[in-house]
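Enquirer:
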Amino acid sequence: MLKGQKTRIRPIEEDDIDTLYLWYNDQEVNLWSSGAWPLNTLQSKDQLAVKFLDGSPDTYRYAILDENDLLIGTLGFKEVNIPGRSATLYIVIGNKEYWGKGYGTDALITLIRFLFTQWNFHRISLDTWDENIRATKAYEKVGFKIEGRQREARFVLGNYHDAILMGLLRDEFLSLHGK
Ligand SMILES: CC(C)(COP(=O)(O)OP(=O)(O)OC[C@H]1O[C@@H](n2cnc3c(N)ncnc32)[C@H](O)[C@@H]1OP(=O)(O)O)[C@@H](O)C(=O)NCCC(=O)NCCS
1 MLKGQKTRIR PIEEDDIDTL YLWYNDQEVN LWSSGAWPLN TLQSKDQLAV KFLDGSPDTY
61 RYAILDENDL LIGTLGFKEV NIPGRSATLY IVIGNKEYWG KGYGTDALIT LIRFLFTQWN
121 FHRISLDTWD ENIRATKAYE KVGFKIEGRQ REARFVLGNY HDAILMGLLR DEFLSLHGK
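1 is the number of the first residue of the sequence shown in the working numbering; add one for each residue after it.
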């Protein structure tokens, strides 16, 4: 269990799948997380169990809990590059009541501190899309910098949007948030 100021992070358990299923079939959650609803929402509980519990060798997924140990979201990393000591991060606060209250930022800081100090990563990447200002702001509070944009790379509800590419280096993070 990793402990932040407002959140805790633990492995995903079998009992979490029912809640994940609700989130994965929620239009608004999917709109912001992937900009792709309804393309990726026909996910049965069995598929989610395979995705989250069996995992893949290169994807690490964790549960985010609030101060009372309520499951409020998931986050994780993939595309681990061993020589470059880097990975790509994702986060979804699935419980919408928790948006905009600092939980996502706290969970990111908590996991990223672990990745830089325990996994010895040098760099973390992530991406979002141009209208997801809440995500961009949260990532900037963690220390991520915008490194580029892919023009009209996302198609959301009938319109093309730019993908926003962001990155964070270990030294930048540690000077902002400490070990
Ligand atoms: C993106 C996400 C992880 C951010 O976590 P969070 O706990 O909501 O973020 P925080 O509250 O720490 O920070 C959000 C910031 O955006 C601001 N904000 C919130 N809602 C906003 C809105 N609708 N428009 C603009 N800014 C907004 C907040 O004020 C806050 O900034 P501040 O601390 O300077 O006031 C979370 O909202 C989430 O999971 N959203 C749905 C899925 C998603 O978008 N995932 C990311 C895909 S790339």
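Virtual Cβ for every residue (Gly too), placed ideally from N, Cα, C.
Where does Gly-76 fall in DSSP's three states?
Expert: It is a strand residue.
Enquirer: Measuring only the C-alpha atoms, how far is Lys-141 from Leu-2?
Expert: Spanning the two alpha carbons is a distance of roughly 20 Å.
Enquirer: How many Å lie between Pro-57 and Leu-75 at the Cα?
Expert: Roughly 16 Å separates the two Cα atoms.
Enquirer: Sorted by chain position, which residues of the same chain lie with C-beta nearer than 8 Å to Asp-69's C-beta, five sequence neighbours on each side aside?
Expert: Within the same chain, Asp-69 has close Cβ partners Arg-8.
Enquirer: So is the beta-carbon of Val-29 under 7 Å away from any non-hydrogen atom of ligand 1?
Expert: Answer for Val-29: yes, Cβ within range of ligand 1.
Enquirer: Give the DSSP-derived three-state secondary structure of Ile-12 in the structure shown.
Expert: Coil, per DSSP.
Enquirer: Alpha carbon to alpha carbon, how far is Val-156 from Tyr-103? Give it in angstroms, no decimals.
Expert: Going by the C-alpha atoms only, they are around 26 Å apart.
Enquirer: Please tell me whether, using a cut-off of 7 Å, the distance from the CB of Lys-141 to the nearest non-hydrogen atom of ligand 1 is below it.
Expert: The answer is yes for Lys-141.
Enquirer: Any idea if Lys-179 is buried or exposed, counting beta-carbon neighbours within 10 angstroms, 16 or more meaning buried?
Expert: Exposed is the call here.
Enquirer: Determine contact between the segment 51-67 and the segment 25-38, defined as no fewer than three beta-carbon pairs at a distance below 8 Å.
Expert: Judged by Cβ distances under 8 Å, the segment 51-67 makes no contact with the segment 25-38, as fewer than three pairs qualify.
Enquirer: How is Ile-124 classed by DSSP in three states: helix, strand or coil?
Expert: Strand at Ile-124.
Enquirer: Mark Ile-146 as exposed unless 16 or more other C-beta atoms lie within 10 angstroms of its C-beta, in which case mark it buried.
Expert: Exposed, by the Cβ-count rule.
Enquirer: If you measure between the beta carbons of Leu-71 and Thr-19, is that distance less than 8 Å?
Expert: Contact: yes.
Enquirer: Have a look at Trp-129 and Asp-46 and give me their C-alpha separation to the nearest angstrom.
Expert: The alpha-carbon atoms of Trp-129 and Asp-46 are separated by roughly 29 Å.
Enquirer: Would you kindly check if the distance between the Cβ of Ala-138 and the Cβ of Thr-88 is under 8 Å?
Expert: Result no, Cβ atoms of Thr-88 and Ala-138 do not sit closer than 8 Å.
Enquirer: Got a sec? Which residues, its chain only, sit under 8 Å from Gly-100 by beta carbon, not counting five neighbours each side?
Expert: Arg-134.
Enquirer: Considering Cα atoms alone, identify which of Val-29, Asp-162, Asn-132 and Leu-126 is closest to Asp-86.
Expert: Strictly speaking, residue 86 in this sequence is Ser, with Asp absent from that position. Ranking the options by Cα distance to Ser-86, first place goes to Leu-126.
Enquirer: If you draw a straight line from the C-alpha of Arg-10 to the C-alpha of Glu-152, how long is it?
Expert: Their Cα atoms are separated by approximately 36 Å.
Enquirer: Taking a contact to mean a Cβ-Cβ separation below 8 Å, would you say Gly-167 touches Arg-123 in this structure?
Expert: For Gly-167 and Arg-123, yes; Cβs fall inside 8 Å.
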